[in-house]
Amino acid sequence: MTRSLSRLRHIAAVLCLANQPVWADEVASEQDYLQDFPVVLSASRLSQPLSEAPNAMTVIDRKMIVASGFRNIADVFSLVPGMYVSYYKGSQPIVSYHGSTDQYARSMQVMIDGRSVYMPPSSTVDWASLPITIDDIERIEVIRGPAAASYGANSVQGVISITTRDAGALNGTSVSWTNGNKGVNDIAGRFGRHGENFDYRMTVAKVADNGFDNRTATYLPSPLWQSNMNNSNDSNQAHLANYRATYYANSSNNFDVQLGGTHDVQGVGFWDSHGGTNPFHDLISNDSFQQLTWLHLLEDTSELKVSLSHTRNAYQENYVVPQFANAIVNKSTSGERTAFDLQHTVSLSDTNRLVYGAGIHNEQAADNVYISALTPNTLNNQLTVQSVRVFAQDEWRFAPSLIGNLGAMFENDGLGGKKLSPRASLNYHLAPKQTIRISGSVAYRTPSMVEDYGAAANAINFQVGDRFVVGNTSLNLVPERMFSREIGYLTEIDEWATTVDVRVFNDQFDNTIYPTNAGFSNGLSGQYDGVEATLKHSFSADAQITLNYAHEYSRSNANALMPGSGDLLAGSTPQNTISMLYAQSFDNGYSFSTGYYQQGAMQAFDRGAADYQNMYKRVDARVAKSFKNFAGLSGDVAWVVQNLFNDNYTEYIGANVFNQRTYVKLTLSW
Numbered sequence: 005m006t007r008s009l010s011r012l013r014h015i016a017a018v019l020c021l022a023n024q025p026v027w028a029d030e031v032a033s034e035q036d037y038l039q040d041f042p043v044v045l046s047a048s049r050l051s052q053p054l055s056e057a058p059n060a061m062t063v064i065d066r067k068m069i070v071a072s073g074f075r076n077i078a079d080v081f082s083l084v085p086g087m088y089v090s091y092y093k094g095s096q097p098i099v100s101y102h103g104s105t106d107q108y109a110r111s112m113q114v115m116i117d118g119r120s121v122y123m124p125p126s127s128t129v130d131w132a133s134l135p136i137t138i139d140d141i142e143r144i145e146v147i148r149g150p151a152a153a154s155y156g157a158n159s160v161q162g163v164i165s166i167t168t169r170d171a172g173a174l175n176g177t178s179v180s181w182t183n184g185n186k187g188v189n190d191i192a193g194r195f196g197r198h199g200e201n202f203d204y205r206m207t208v209a210k211v212a213d214n215g216f217d218n219r220t221a222t223y224l225p226s227p228l229w230q231s232n233m234n235n236s237n238d239s240n241q242a243h244l245a246n247y248r249a250t251y252y253a254n255s256s257n258n259f260d261v262q263l264g265g266t267h268d269v270q271g272v273g274f275w276d277s278h279g280g281t282n283p284f285h286d287l288i289s290n291d292s293f294q295q296l297t298w299l300h301l302l303e304d305t306s307e308l309k310v311s312l313s314h315t316r317n318a319y320q321e322n323y324v325v326p327q328f329a330n331a332i333v334n335k336s337t338s339g340e341r342t343a344f345d346l347q348h349t350v351s352l353s354d355t356n357r358l359v360y361g362a363g364i365h366n367e368q369a370a371d372n373v374y375i376s377a378l379t380p381n382t383l384n385n386q387l388t389v390q391s392v393r394v395f396a397q398d399e400w401r402f403a404p405s406l407i408g409n410l411g412a413m414f415e416n417d418g419l420g421g422k423k424l425s426p427r428a429s430l431n432y433h434l435a436p437k438q439t440i441r442i443s444g445s446v447a448y449r450t451p452s453m454v455e456d457y458g459a460a461a462n463a464i465n466f467q468v469g470d471r472f473v474v475g476n477t478s479l480n481l482v483p484e485r486m487f488s489r490e491i492g493y494l495t496e497i498d499e500w501a502t503t504v505d506v507r508v509f510n511d512q513f514d515n516t517i518y519p520t521n522a523g524f525s526n527g528l529s530g531q532y533d534g535v536e537a538t539l540k541h542s543f544s545a546d547a548q549i550t551l552n553y554a555h556e557y558s559r560s561n562a563n564a565l566m567p568g569s570g571d572l573l574a575g576s577t578p579q580n581t582i583s584m585l586y587a588q589s590f591d592n593g594y595s596f597s598t599g600y601y602q603q604g605a606m607q608a609f610d611r612g613a614a615d616y617q618n619m620y621k622r623v624d625a626r627v628a629k630s631f632k633n634f635a636g637l638s639g640d641v642a643w644v645v646q647n648l649f650n651d652n653y654t655e656y657i658g659a660n661v662f663n664q665r666t667y668v669k670l671t672l673s674w
């Protein structure tokens with residue numbers, strides 16, 4: 005009973021903070037404006053209906069994730085307009101916005117339950133080593149556009165906020181097994197329990213596959229010769245565990261504890277007809293995290309949230325380079341972050357809500373490389389950077405139909421940069437279910453440790469395939485800058501059971517970092533322009549469709565920086581992307597879903613002509629049967645086919661060919 009009352013008070017307080025009334029005689033009209041649009045939490049750090057958020061957003065819930073049939077978390081972002089999802093290798097996805105500039109996709113912040121997984125030293129996300137499975141995810145919110153005012157540097161193109169399932173989401177035990185071609189063999193066990201004032205859940209899993217059916221492609225390592233290259237060593241074997249527990253101390257305090265880890269063996273390297281310095285070998289990663297969050301409700305219904313987390317990634321590679329007299333290479337790299345964040349959410353009046361806070365983040369990276377053919381044969385590098393940030397976001401309801409959001413974050417990045425990232429927006433309800441949004445923001449991206457310190461000591465010119473570069477000389481890079489403007493339109497048409505979300509944007513950037521023969525340099529500038537749209541329609545309570553479309557183009561000064569290359573940035577942005585997900589359930593426990601994915605032609609900024617990606621079209625299908633009380637068990641069995649019509653296409657690297665994949669997944673619960 006105590007636990008139930010505590011939770012009810014928490015829920016009531018959050019609802020009060022999320023939906024403070026306007027003037028007493030206008031409550032009914034305000035509620036008209038708030039109906040039906042999903043509530044989002046990420047855009048301004050305030051709980052808001054999507055129609056009142058300061059940014060364009062995409063919400064992907066658990067039902068959509070299941071209907072998609074995807075195994076890999078990265079693939080889910082194909083359901084976001086304007087997102088680019090591809091693979092450097094079978095175990096190394098690339099997720100970015102506005103196309104792709106390089107394999108690391110450093111411009112989009114990724115968080116799991118508020119904890120950044122955008123890790124040093126290369127400032128990227130290792131999707132294959134995340135200590136969660138796709139079945140651990142409850143909801144994903146994607147901010148499409150700069151969000152540095154809320155989440156700081158490295159959110160220049162947007163934010164992916166992943167929310168895992170609550171500690172109390174499972175009361176019992178569940179096991180699942182997935183088996184298919186391409187070596188797919190996943191197994192997971194989950195269990196959880198409710199208590200009087202304590203909930204917990206745990207996942208233990210293995211995720212394995214053989215990567216792509218590869219082909220040999222032509223590669224030009226220098227103007228002097230051609231090489232035939234193949235990257236068929238791209239299997240993945242990941243073992244992971246995660247644990248989440250929530251303790252409800254009383255009606256005003258709860259404590260959420262999360263921890264987990266991954267041991268992953270990834271096949272990396274290339275076969276190269278000309279020799280090469282990055283042969284087939286294994287990359288072994290060991291990742292771990294711990295997170296403690298305290299949520300305190302004050303008597304005035306304001307909320308205090310304090311979070312402390314630590315994340316560590318460590319990588320080890322050992323191999324022999326025949327081209328350098330069978331030189332032995334031993335490489336180890338680690339990156340870790342300790343973060344302390346404090347946030348206070350308060351209602352200043354019936355028409356004004358404020359959230360403000362601060363954070364201290366300590367990042368460390370270490371590289372150790374032994375190369376037997378060199379003198380000296382050991383290269384070491386260690387670096388520690390501490391950043392400090394303060395932020396505030398204010399939501400002001402000028403009238404029931406007019407809402408303003410104003411916010412900013414100030415950061416000292418620990419590398420000599422101090423930045424203020426502001427954002428302002430106005431949301432005007434033309435009618436109770438029809439909204440127009442106008443917003444503008446400035447965002448910055450801090451150079452990664454690899455970019456800032458990593459070029460000078462790269463002793464052997466390793467081919468692309470190295471995950472990290474070793475070095476210790478700063479190139480005095482400055483932060484990248486993005487200035488974004490957008491107009492959004494949202495409407496819900498009840499008689500058609502349809503919602504429409506449209507965004508028109510202009511993103512101007514300068515000081516963008518790009519690779520050179522000597523390392524990295526600032527100087528790339530240009531802009532992205534485009535339109536994005538999402539349409540959702542319910543044919544009935546059991547049948548829904550989601551359609552996403554993006555049309556965009558970019559231009560830059562890349563040709564001036566690299567004469568004769570053309571505008572590489574424009575070529576790295578697919579002009580048109582389309583995705584569709586249709587899901588239908590039936591009374592007898594059967595369900596059917598299908599997805600359609602289309603991407604325009606493009607070539608990644610840092611790839612050659614051999615890796616040109618033609619336009620592709622892909623259809624996936626999923627058929628499932630659920631059952632209950634079968635020998636005391638409940639669950640479902642699903643059959644998934646990806647690339648149903650075998651319209652093969654190439655990924656980020658031309659040697660990666662995506663052909664038909666199929667697998668069966670069985671889930672049992674008791």
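Counting from 5, one number per residue, gives the positions in the sequence shown under my numbering. By construction, the Cβ of each residue, glycine as well, lies at the ideal position given by its N, Cα and C atoms. Just so you know, these numbers come straight off a predicted model, no measurement behind them.
Distance, residue j Cα to residue i Cα
i           : j           : result
residue 156 : residue 666 : 40 Å
residue 82  : residue 548 : 18 Å
residue 627 : residue 339 : 41 Å
residue 314 : residue 168 : 17 Å
residue 603 : residue 621 : 7 Å
residue 57  : residue 597 : 30 Å
residue 12  : residue 348 : Interpretation of residue 12 is limited by its pLDDT of 44, a score under 50 that renders its predicted location unreliable; the figure taken from the coordinates is listed afterwards. Residue 12 and residue 348: Cα-Cα distance of roughly 20 Å.
residue 391 : residue 417 : 4 Å
residue 150 : residue 47  : 10 Å
residue 411 : residue 163 : 16 Å
residue 214 : residue 655 : 16 Å
residue 546 : residue 136 : 29 Å
residue 429 : residue 397 : 11 Å
residue 195 : residue 178 : 6 Å
residue 255 : residue 363 : 27 Å
residue 446 : residue 94  : 35 Å
residue 669 : residue 332 : 42 Å
residue 229 : residue 281 : Low local confidence applies: a pLDDT of 49 at residue 229 is under 50, so the model's placement there is unreliable, with the coordinate-based value given in what follows. Taking the straight line from one Cα to the other gives about 15 Å.
Same chain, Cβ closer than 7 Å to residue i, five either side skipped, listed in chain order
i           : result
residue 26  : Confidence at residue 26 is low in this model, with a pLDDT of 33, below 50, so the placement of that residue is unreliable and no value is reported for it.
residue 434 : 440
residue 636 : 674
residue 118 : 311
Distance cut-off 8 Å: residue i Cβ against heavy atoms of the ligand PLP
i           : result
residue 599 : This structure does not include the ligand PLP; it has no bound ligands of any sort.
DSSP bridge partner residues for residue i (one or two, in chain order)
i           : result
residue 676 : Because the chain spans 5 through 674 in this model, residue 676 falls outside it and cannot be assessed.
residue 413 : 395, 425
residue 400 : 356, 408
residue 153 : Paired residue(s): none; residue 153 is not in a bridge.
residue 627 : 596, 643
residue 536 : 507, 554
residue 141 : 168
Nearest candidate by alpha-carbon position, reference residue i, set the options
i           : options            : result
residue 481 : 146, 454, 351, 503 : 454
residue 89  : 329, 610, 578, 648 : 578
residue 642 : 184, 297, 357      : 184
residue 639 : 205, 672, 147      : 672
residue 286 : 254, 253, 242      : 242
residue 141 : 70, 321, 386, 570  : 70
residue 419 : 526, 298, 399, 450 : 450
residue 652 : 661, 644, 645      : 661
residue 375 : 327, 116, 436, 113 : 327
residue 144 : 43, 92, 96         : 43
residue 625 : 409, 72, 393       : 72
Spatial neighbours of residue i in its chain, beta-carbon cut-off 6 Å, leaving aside the 5 residues before and after
i           : result
residue 615 : 657, 658
residue 664 : 647, 650
residue 485 : 448, 514, 515
residue 211 : 190, 242
residue 123 : 317, 339
residue 504 : 495, 539
residue 312 : 296, 344
residue 239 : 214, 215, 271
8 Å CB neighbourhood of residue i in its chain, flanking five on each side removed
i           : result
residue 106 : 519, 608, 609, 610
> For the 8 Å Cβ check, are there 3 or more pairs between the region 243-251 and the region 261-281?
Replying inline: yes
>> Using a Cβ distance threshold of 8 Å, determine whether the region 585-592 contacts the region 562-574, with at least three qualifying pairs required.
In response: no
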